[in-house]
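Asker:
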Amino acid sequence: MANQGYSAATIAAAAVLLLACLHITEAQAKVKLGGEKTSHLHFYFHDLLEGKNVTAVQVASAPTTDSYFTQFGMVRVMDDWLTEGPEATSKMVGRAQGIYVSSSQEKFHLLMASTFVFESGKYNGSTLAMVGKNAVLEQVREMPIVGGSGLFRLARGYALAHTHSIDLKTGNAVVEYNVTVLHY
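Here the sequence shown stands for residues -27 to -1, 1 to 157, where the numbers follow mature numbering (1 follows the signal peptide of the UniProt record, and there is no 0).
1) Are there 16 or more other CB atoms within 10 angstroms of the CB of Leu135, so buried, or fewer, so exposed?
2) Relative to the C-alpha of Val32, which candidate in Val50, Leu124, Ile139, Gln44 has its C-alpha closest?
3) Checking the sheet assignment: what are the DSSP bridge partners for Pro117?
4) Mind the definition here: the stretch 52 to 69 touches the stretch 19 to 36 only if three or more C-beta pairs lie below 8 angstroms; say whether that holds.
5) Look up Phe45 in the DSSP assignment and give the residues it is bridged to.
6) Can you have a look at Tyr73 and say buried or exposed, based on whether 16 or more other CB atoms are within 10 angstroms of its CB?
7) Among residues of its own chain, excluding the 5 on either side of Lys3, which ones have a beta-carbon nearer than 8 angstroms to its beta-carbon?
8) Buried or exposed for Leu14, please, with buried defined as at least 16 other CB atoms from any protein chain shown within 10 angstroms of its CB.
9) Which whole-angstrom value describes the C-beta separation of Thr100 and Gly123, a residue pair presumed to lie in contact below a C-beta threshold of 8 angstroms?
Have a look at this one:
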């Protein structure tokens, strides 16, 4: 076959580019086909505002927070227990560490930024990051899982939250979580 006027350098560059494209395509195929897993987790989240084992504390508010029935502008930091069952004595599987903010003037909506830190069992040392709106008065709330670490590296998915119990006097609540995540 004739050279048709292309220099040896041009042909070599085209060959290198073709090989690089084939390598990138192969790497992408490995990521797509290389063992992405789906995990389903079930646990209970204990948000304790009063009592001897407080797990969430108010750290800020706006001067007008108390004028809103929604407590708009209130900020809490949490280090909530995650347990296998709804009882406080149930086996602890980890903690929910983060913040939540009353973010609506008209509805009981919280902006939640939380890391589920798993401290026992199969997922010990791994985390999941959840950020989103929690419409606390809805029967079931869906919030996005936006990342993770350890066994949940590159995680994405969703968390479904359902209030198991709440003490209206203290604000202490137990929330059931069903979490579905895709990860590598």
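The beta-carbon is built from N, C-alpha and C at its ideal position, and this holds for glycine as well.
These figures come from a predicted structure and were not determined experimentally.
Answerer: So, from the data block:
1) As a working note, residue 135 is residue 162 in the sequence shown. The sequence given here has His at residue 135, not Leu. So His135 counts as exposed.
2) As a first step, residue 32 is located in the sequence shown; it is residue number 59 there, counting from the start. Ranked by Cα distance from Val32, the options Val50, Leu124, Ile139, Gln44 are led by Val50.
3) On the sequence shown, residue 117 is found 144 positions in, with the first residue counted as 1. Bridge partners of Pro117: Tyr131.
4) yes
5) Along the sequence shown, one-based indexing puts residue 45 at 72. In the DSSP output, where bridge partners are listed per residue, Phe45 has none listed.
6) Taking the sequence shown and counting its residues from 1, the one referred to as residue 73 is at position 100. With 16 or more Cβ atoms within 10 Å of its Cβ, Tyr73 is classed as buried.
7) Looking up residue 3 in the sequence shown gives position 30. At Lys3 the pLDDT is 45, less than 50, meaning the model places this residue with poor confidence; the figure from the coordinates comes in the next sentence. Nothing meets the Cβ criterion.
8) Residue 14 sits at position 41 when you count from the first residue of the sequence shown. It counts as buried.
9) Indexing the sequence shown from 1 puts residue 100 at position 127. Indexing the sequence shown from 1 puts residue 123 at position 150. The Cβ separation is near 7 angstroms, so the contact holds.
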